[in-house]
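Here is the structure we will look at, set down as structure tokens.
Numbering (my numbering), first residue to last: 240 to 836.
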């Protein structure tokens with residue numbers, strides 16, 4: 240949207256307000272970076288048009304306001320030339336860049352006060368303007384001396400510039416406090432309407448700038464309303480996210496609000512940065528303005544809602560262990576573990592905290608620190624929680640810690656982790672199927688390379704649970720149980736014997752005609768391995784249905800897909816083992832007959 244079209248919008252808005260009988264006054268100008276240019280164009284209107292638009296009452300201001308406005312306008316008019324002058328300074332470039340940024344901030348605040356607020360006869364505002372004007376004059380003198388190289392010494396000038404920076408910071412804080420304390424009231428300021436879905440990029444940018452102005456000079460309530468409006472539009476249209484990142488200082492203000500004392504403002508800010516952090520292209524901007532530290536502070540002392548948004552943000556930032564060191568350096572590990580150990584945190588928040596910790600353990604040194612801080616017993620305790628989200632996320636985190644780390648697996652076993660996981664599998668327990676799946680997967684991953692864990696599994700009733708799931712479990716659980724049986728079968732000869740004793744083979748035979756090729760092949764592989772053991776082989780051939788089913792599946796006119804590849808080889812292996820036993824029986828029978836005669 241061009242300044243000209245923007246001006247037309249203002250003009251039409253003023254006419255509309257006049258028609259309704261309201262007195263808009265000069266303060267109806269939008270909060271935006273273009274307000275100064277628009278005000279200049281507005282003042283250039285012919286007197287007749289000005290009277291029509293503004294009404295006779297436009298010039299009727301209180302005597303006190305009239306006395307103060309010129310001083311405020313002097314300060315505003317003083318800053319722009321000073322900023323221009325600073326660009327020509329060749330010495331102390333870093334200091335002057337800092338001063339220039341602070342002057343921009345003060346100019347934005349003073350312009351907004353001039354255009355949008357009433358003084359309400361408050362003497363402190365007048366005094367603030369006077370002090371700012373004095374500082375501006377001092378900065379102007381310092382700028383002249385730097386341009387002319389007329390200062391007496393670099394150290395002295397550096398000290399003077401540091402003092403000026405400190406004063407400007409103080410003025411910025413004072414102007415912010417003015418709104419926070421409600422020392423100024425906003426007149427009938429027009430609220431920029433939310434652009435439609437077909438709005439141009441310029442319209443979107445103008446709306447973002449309007450919200451930005453409210454962030455900077457608005458009261459707490461106005462800040463909250465602006466944040467609510469921003470959260471609404473970024474949920475609807477990605478363009479608002481991308482443009483907000485482009486607006487200088489916008490993201491910094493959002494991050495600053497994470498430390499805001501008012502809970503509602505903090506929550507809305509946390510919600511906004513959470514959405515923005517979901518955009519890969521925006522993560523770097525958020526990191527560059529120092530978002531990690533405020534997020535950790537929110538985790539430590541924010542509301543539950545703010546903590547959840549902060550944790551989601553950190554999950555986005557720590558994907559693939561990115562920014563892990565930064566989170567750890569700011570005390571993130573301690574804050575996250577504290578959330579996990581707090582019974583009042585709630586399942587959603589604990590689950591998110593586990594998710595962030597899971598991302599962090601990708602860095603070995605951080606994982607060791609997490610374990611040393613007592614994470615394993617803490618997570619095992621969460622695994623027994625009644626909250627499903629907490630259970631799933633804690634078990635997922637536990638597996639990540641133990642992944643390819645034998646020492647961590649041994650610690651899990653030592654802390655009683657196997658018994659806890661097996662207890663979850665108990666068919667009589669009230670845990671959901673999803674929890675049982677996660678627990679079963681965890682047992683397979685944690686115990687797969689630990690020989691001493693097998694005795695604990697057997698003693699805990701693990702094999703009985705696996706057999707139960709193979710018989711009665713849902714399809715997803717059956718597949719995991721079959722994988723567990725495949726793993727158990729490959730551990731030792733004694734385990735194969737034990738599996739045969741408890742009745743695995745008749746159950747596995749039923750999976751040979753499964754619709755899933757993977758299931759068929761896995762079942763055939765387990766049986767092929769089990770029938771190597773003589774007593775298992777004997778049990779297998781004693782049931783004629785077992786041999787008959789295999790022959791049927793090997794029939795070219797039968798199961799079709801089962802005829803092919805590795806599955807056929809496994810079925811033949813099972814059949815040959817059975818035939819070998821039959822041949823042995825036949826020879827034994829012939830020998831006994833010969834001996835009798």
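Just so you know, even glycine gets a beta-carbon here, dropped at the ideal spot from N, CA and C.
The structure displayed is predicted, hence computed values, not measured ones.
Between residue 579 and residue 503, what straight-line distance do the alpha-carbon atoms span, to the nearest angstrom? What you label residue 579 is simply residue 340 of the chain shown in a count that begins at 1. What you label residue 503 is simply residue 264 of the chain shown in a count that begins at 1. In a straight line, the C-alpha of residue 579 is about 24 Å away from that of residue 503.
Any contact of the segment 473-481 with the segment 330-340, i.e. 3+ C-beta pairs under 8 Å? no
Determine, using beta carbons only, whether residue 589 and residue 635 come nearer to each other than 9 Å. The residue labelled residue 589 in the question sits at position 350 within the chain shown. The residue labelled residue 635 in the question sits at position 396 within the chain shown. No, the pair does not count as a contact, with Cβ atoms beyond the cut-off.
I think residue 591 touches residue 537, with their Cβ atoms under 8 Å apart; what is that distance to the nearest whole Å? The sequence position of residue 591 within the chain shown is 352, counting from 1. The sequence position of residue 537 within the chain shown is 298, counting from 1. That pair is no contact at about 12 Å.
Are the segment 432-446 and the segment 399-415 touching by the rule of at least three beta carbon pairs closer than 8 Å? no
At least 3 beta-carbon pairs within less than 8 Å: the segment 518-537 vs the segment 565-575: yes
What's the gap between the Cα of residue 692 and the Cα of residue 698? By one-based count along the chain shown, residue 692 stands at place 453. By one-based count along the chain shown, residue 698 stands at place 459. Roughly 10 Å separates the two Cα atoms.
Three-state class that DSSP yields for residue 687 in the structure shown: For the purposes of this step, residue 687 is identified with residue 448 of the chain shown, where counting begins at 1. Here residue 687 sits in coil by DSSP.
Simplified DSSP assignment, three categories, for residue 694: As a first step, residue 694 must be located in the chain shown, where it is residue number 455. If DSSP states are grouped into helix, strand and coil, residue 694 belongs with the helices.
Cβ-based burial, residue 434 [other Cβ within 10 Å; buried from 16]: Your numbering for residue 434 matches position 195 in the chain shown. Buried: at least 16 other Cβ atoms inside 10 Å.
When DSSP labels each residue in this structure, what does residue 600 get in the three-state scheme? Here the question's residue 600 lines up with position 361 in the chain shown. The answer is coil: DSSP assigns residue 600 none of H, G, I, E or B.
Cβ-Cβ separation, residue 525 to residue 514 (assumed contact under 8 Å), whole Å: For the purposes of this step, residue 514 is taken as residue 275 along the chain shown, with counting starting at 1. For the purposes of this step, residue 525 is taken as residue 286 along the chain shown, with counting starting at 1. Contact flag wrong, Cβ pair sits at about 11 Å.
Around the C-beta of residue 686, are 16 or more other C-beta atoms found within 10 angstroms, so that it is buried, or is it exposed? Along the chain shown, read from residue 1 onward, the residue named residue 686 stands at position 447. That one is buried.
Straight-line CA distance for residue 573 to residue 548? The residue you call residue 573 lines up with position 334 of the chain shown. The residue you call residue 548 lines up with position 309 of the chain shown. Computed Cα separation, rounded: 18 Å.
Quick test of your reading: residue 716 and residue 676, contact by CB under 8 Å. State the CB separation rounded to the nearest angstrom. The residue you call residue 716 lines up with position 477 of the chain shown. The residue you call residue 676 lines up with position 437 of the chain shown. Right, their Cβ atoms sit about 6 Å apart.
Nearest to residue 648 by alpha carbon, out of 615, 775, 661? For the purposes of this step, residue 648 is taken as the residue at position 409 of the chain shown. Residue 615 is the option with its Cα nearest to residue 648.
Rank 460, 461, 455 by C-alpha distance to the C-alpha of residue 490 and give the top, closest one. As a working mapping, residue 490 is identified with position 251 in the chain shown. Among 460, 461, 455, the Cα nearest to that of residue 490 belongs to 455.
For the alpha helix (DSSP H) containing residue 666, name the first residue and the last one. If you number the chain shown from 1, residue 666 lands on position 427. Careful: residue 666 lies outside any alpha helix (DSSP H) and carries neither H nor E.
Per DSSP, what kind of secondary structure is residue 714 in: helix, strand or coil? Stepping through the chain shown from its first residue, residue 714 is reached at position 475. Of the three classes helix, strand and coil, the one that applies to residue 714 here is helix, per DSSP.
Please classify residue 313 as buried or exposed, where buried requires at least 16 other C-beta atoms within 10 Å of its C-beta. For the purposes of this step, residue 313 is taken as residue 74 along the chain shown, with counting starting at 1. Its Cβ having fewer than 16 others within 10 Å, residue 313 is exposed.
Would you kindly work out how many angstroms separate the C-alpha atoms of residue 731 and residue 741, rounded to a whole number? One-based indexing of the chain shown puts residue 731 at position 492. One-based indexing of the chain shown puts residue 741 at position 502. Roughly 16 Å between the two C-alpha positions.
I need the straight-line Cα distance from residue 459 to residue 465, nearest angstrom please. Taking the chain shown and counting its residues from 1, the one referred to as residue 459 is at position 220. Taking the chain shown and counting its residues from 1, the one referred to as residue 465 is at position 226. Going from the Cα of residue 459 to the Cα of residue 465 covers about 10 Å.
Examine the ligand SAH and report whether any of its heavy atoms sits within less than 8 Å of the Cβ of residue 460. Among the components modelled here there is no ligand, and therefore nothing to report on the ligand SAH.
Using DSSP with H/G/I as helix, E/B as strand and the rest coil, what is residue 753? Your numbering for residue 753 matches position 514 in the chain shown. Correct three-state label for residue 753: coil.
Using DSSP with H/G/I as helix, E/B as strand and the rest coil, what is residue 411? The residue labelled residue 411 in the question sits at position 172 within the chain shown. Residue state, collapsed to three classes: helix.
What three-state label does DSSP hand residue 301 in the structure shown? Translated into positions along the chain shown, residue 301 becomes position 62. With a pLDDT of only 42 at residue 301, under the threshold of 50, the placement of this residue in the model should not be trusted; the figure read from the coordinates follows. Residue state, collapsed to three classes: coil.
Continuous alpha helix (DSSP H) stretch holding residue 495: start and end: On the chain shown, position 256 is the one that residue 495 refers to. Element bounds for residue 495: 489-495.
Below 8 Å on the Cβ atoms is my contact criterion, and I expect residue 443 with residue 478 to pass it. Report the Cβ-Cβ distance as a whole number of Å. Here residue 443 refers to the residue found at position 204 of the chain shown. Here residue 478 refers to the residue found at position 239 of the chain shown. Right, their Cβ atoms sit about 5 Å apart.
Identify which residue in 569, 528, 559, 518 has its Cα closest to the Cα of residue 539. What you label residue 539 is simply residue 300 of the chain shown in a count that begins at 1. Here the closest residue by C-alpha is 569.
Select from 401, 342, 309, 522 the residue whose C-alpha is nearest the C-alpha of residue 369. In the chain shown, the residue the question calls residue 369 occupies position 130. Residue 369 has its Cα closest to that of 309, out of 401, 342, 309, 522.
Would you check if the distance between the CB atom of residue 404 and the CB atom of residue 338 is smaller than 9 Å? What you label residue 404 is simply residue 165 of the chain shown in a count that begins at 1. What you label residue 338 is simply residue 99 of the chain shown in a count that begins at 1. Cβ distance < 9 Å, so residue 404 and residue 338 count as in contact.
If we count the other Cβ atoms within 10 Å of its Cβ and call it buried at 16 or more, is residue 401 buried or exposed? Here residue 401 refers to the residue found at position 162 when the chain shown is read from its first residue. Classification for residue 401: exposed.
When you compare each of 311, 375, 341 to residue 349 by their alpha carbons, which one comes out closest? For the purposes of this step, residue 349 is taken as residue 110 along the chain shown, with counting starting at 1. Considering only alpha carbons, the answer is 311.
Do residue 638 and residue 663 have their CB atoms nearer than 9 Å? Locating residue 638 in the chain shown gives position 399, counting from the first residue. Locating residue 663 in the chain shown gives position 424, counting from the first residue. No, Cβ-Cβ distance for residue 638 and residue 663 is not below 9 Å.
Alpha carbon to alpha carbon, how far is residue 364 from residue 290? Give it in angstroms, no decimals. Counting from one through the chain shown, the residue named residue 290 turns up at place 51. Counting from one through the chain shown, the residue named residue 364 turns up at place 125. Because residue 290 carries a pLDDT of 39, less than 50, the predicted location of this residue cannot be relied on, and no value is offered for it.
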